[in-house]
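Colleague: Okay, here's the structure, questions in a sec.
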Amino acid sequence: MRGIPISCETDIYGALSEYIITLATNLPATLLDINNTVPKDMYEENVEKVKNYKLNDLFMGFHCGNTPICYIKNAEMKYQLIMHRLLEPDKDPDISRGTLEGTIIPGDITLFRLQGTADYELRSYIAQGEVLDINPKSFGGIGVFAVKEMARFYRYILIAKRFPHHTGIAFKHIGKVLFETIKMLGINDIAFNQPSNLIYRNENPFD
């Protein structure tokens, strides 16, 4: 490992978030889409593996192939399926080659992102969870992720505070370290996945 974060789609704050994770863990990090749901039938087929998580606590952590090989089961070098369909649909993969694909290994994770806003502020979020041992049945570097009260966290933090759809992933629980790090940087807006008995500032208490 050379310690160089690999992000996607010119996501500078995503790369910075990965770098902070790498410094905090001395381990590789990854950057994944956080906006894909887990199908209900997949949840029902894996009841014994989802533990005490609700369906909307789960999401499909995915990207085209930037997750380090040490966190991928049965990793293979492939090509970016969506890009191939769009840019070279009638020929063998060429410019779309080079993705590292497979199922992300189960275990503890921490979601983390540092983000700048249009009004020159910095904000962040931290949430601990895990990757479940469930076959995601899709392509790319992908896994079924579980975070307590994820649906509320997504609505009242990720959407309400206009965070991008990428999240940095640490492959261990490091919420405490990240929280203290972000405070030391002078950033006061640090969100987390609040339990069901603790409502968000903009959450309707009568729902």
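If you count by the working numbering, then the sequence shown holds residues 79 to 285, one letter each, in order.
C-beta atoms are modelled at their ideal positions from N, C-alpha and C, and glycine is treated no differently.
(1) If you reduce the DSSP assignment to three classes, tell me which class residue 241 lands in.
(2) Only counting the same chain, and skipping five residues up and downstream in sequence, which positions put a Cβ closer than 8 Å to that of residue 85?
(3) Which term fits residue 189, buried or exposed, when burial requires 16 or more other beta carbons within 10 angstroms of its beta carbon?
(4) Pick helix, strand or coil for residue 154, following the three-state DSSP scheme.
(5) Could you pull the start and end residues of the beta strand (DSSP E) that residue 264 belongs to?
(6) In whole angstroms, what is the alpha-carbon distance linking residue 226 and residue 150?
(7) To the nearest whole angstrom, what separates the beta carbons of residue 177 and residue 221, a pair I think is in contact under 8 Å?
(8) Between residue 191 and the rest of its own chain, which residues show a CB-CB distance below 8 Å, the 5 nearest in sequence each way excluded?
(9) Ignoring anything shorter than 3 residues or poking outside the region 199-256, list the beta strand (DSSP E) runs there in chain order.
(10) So what's residue 89 in DSSP terms, helix, strand or just coil?
(11) Determine the closest residue to residue 98 out of 115, 200, 248, 270, with distance taken between C-alpha atoms.
(12) Which two residues bound the contiguous beta strand (DSSP E) that contains residue 164?
(13) Taking only the alpha-carbon atoms, compute the straight-line gap between residue 105 and residue 264 and give it to the nearest angstrom.
(14) Given a cut-off of 8 Å on the beta-carbon distance, is the pair residue 250 and residue 186 in contact?
(15) Going by DSSP, which residues form a beta bridge with residue 191?
(16) Starting from the Cα of residue 161, find the closest Cα among 175, 152, 120 and give me that residue.
(17) Applying the 10 Å Cβ sphere with the 16-neighbour rule, what's the burial state of residue 276?
(18) What do you reckon, are the CB atoms on residue 179 and residue 218 nearer than 8 Å?
(19) Could you check what DSSP says for residue 105 in three-state terms: helix, strand or coil?
(20) Which residue comes first and which comes last in the beta strand (DSSP E) that contains residue 179?
(21) Under 8 Å Cβ to Cβ from residue 153, same chain only, skipping five residues before and after it: list those, please.
(22) Three-state secondary structure (DSSP) at residue 135?
Modeller: The relevant details are as follows:
(1) Counting from one through the sequence shown, the residue named residue 241 turns up at place 163. Here residue 241 sits in coil by DSSP.
(2) Position 7 of the sequence shown, counting from 1, holds the residue named residue 85. Hits under 8 Å: 92, 93, 96, 109, 144, 244.
(3) Counting from one through the sequence shown, the residue named residue 189 turns up at place 111. Counting Cβ neighbours within 10 Å, residue 189 comes out buried, since at least 16 surround it.
(4) Taking the sequence shown and counting its residues from 1, one reaches residue 154 at position 76. DSSP places residue 154 in strand when its eight states are reduced to three.
(5) Here residue 264 is taken as the residue at index 186 of the sequence shown, counted from 1. First-last for residue 264: undefined, no H or E at that position.
(6) The count along the sequence shown starts at 1 and reaches residue 226 at position 148. The count along the sequence shown starts at 1 and reaches residue 150 at position 72. If you take the alpha carbons of residue 226 and residue 150, they lie about 24 Å apart.
(7) Working through the sequence shown from its first residue, we reach residue 177 at position 99. Working through the sequence shown from its first residue, we reach residue 221 at position 143. With 8 Å as the limit, residue 177 and residue 221 do not qualify as a contact, their Cβ atoms being about 15 Å apart.
(8) Reading the sequence shown from its first residue, position 113 is the one you call residue 191. Result list for residue 191: 91, 92, 95, 202, 203, 241, 242, 244, 245, 246, in chain order.
(9) 200-210, 219-224, 244-248
(10) Translated into positions along the sequence shown, residue 89 becomes position 11. Reduced to three states, the DSSP call for residue 89 is coil.
(11) Working through the sequence shown from its first residue, we reach residue 98 at position 20. The shortest Cα separation from residue 98 among 115, 200, 248, 270 belongs to 248.
(12) Here residue 164 refers to the residue found at position 86 when the sequence shown is read from its first residue. First-last for residue 164: 159-165, but that is the alpha helix (DSSP H), not the beta strand (DSSP E).
(13) Residue numbering aside, residue 105 sits at position 27 when the sequence shown is read from its first letter. Residue numbering aside, residue 264 sits at position 186 when the sequence shown is read from its first letter. Whole-angstrom Cα-Cα distance: 25 Å.
(14) Stepping through the sequence shown from its first residue, residue 250 is reached at position 172. Stepping through the sequence shown from its first residue, residue 186 is reached at position 108. Cβ atoms of residue 250 and residue 186: closer than 8 Å.
(15) For the purposes of this step, residue 191 is taken as the residue at position 113 of the sequence shown. For residue 191, which the question treats as bridged, DSSP gives the partners 203.
(16) Reading the sequence shown from its first residue, position 83 is the one you call residue 161. The option with the nearest alpha carbon to residue 161 is 175.
(17) By one-based count along the sequence shown, residue 276 stands at place 198. Label assigned to residue 276: exposed.
(18) Here residue 179 is taken as the residue at index 101 of the sequence shown, counted from 1. Here residue 218 is taken as the residue at index 140 of the sequence shown, counted from 1. In this structure, residue 218 lies closer than 8 Å to residue 179 by Cβ.
(19) As a working note, residue 105 is residue 27 in the sequence shown. Coil.
(20) Working through the sequence shown from its first residue, we reach residue 179 at position 101. 175-182 is the extent of the beta strand (DSSP E) around residue 179.
(21) On the sequence shown, residue 153 is found 75 positions in, with the first residue counted as 1. Excluding sequence neighbours, residue 153 sits near 147, 178, 179, 180.
(22) Residue mapping note: residue 135 aligns to position 57 of the sequence shown, counting from 1. Here residue 135 sits in helix by DSSP.
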